[in-house]
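Its first residue numbered 0, the sequence shown is counted upward by one per residue in numbering that gives the first Met the number 0.
Built from N, CA and C at the ideal position, the CB exists for glycine as well.
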Amino acid sequence: MNIKPIGNRILVEPLKIEEKTFSGIILPNSGEAASSDTGIVVALGNIEEEIAVGDKVFFRPHSGVEIPDSDKNFLILEMEEVLAVIG
């Protein structure tokens, strides 16, 4: 996929969350990916923030526009929706 966000936006690949029991058994999630508020920056628009491709970020829940790809989902986020870079 070749998507370049425009303006003050970034493209993020959300990280999937696997639910586990106390004993370590991974629970199926009914065919849906568990939602996550963290992701990896894949592409940047025209921004001058302290963020780079490859950074792990924390963003507001239920934010952004979902962009489905053949095997992955991406989010286009406004920079105002990004709360922190996780180091």
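Give, in chain order, every unbroken run of the beta strand (DSSP E) that is at least 3 residues long and sits entirely within the segment 60-85. 64-67, 72-77, 81-85
How is alanine 51 classed by DSSP in three states: helix, strand or coil? coil
For glutamate 49, which option in Pro13, Ile5, Thr20, Leu82 has the closest C-alpha, if you only look at C-alpha atoms? For glutamate 49, the nearest C-alpha among the options comes from Leu82.
Under the three-state DSSP convention, the category glutamate 12 falls into: strand
Between the CA atoms of glycine 6 and lysine 58 - distance to the nearest angstrom: Checking the sequence shown, residue 58 turns out to be phenylalanine, not lysine. The straight-line gap from Cα to Cα measures roughly 18 Å.
Taking the CB atoms as reference points, tell me whether valine 118 and glutamate 79 lie closer together than 9 Å. This structure leaves residue 118 out entirely; the chain is present only between 0 and 86.
Leucine 43 and serine 62 - do their beta-carbons sit closer together than 9 Å? no
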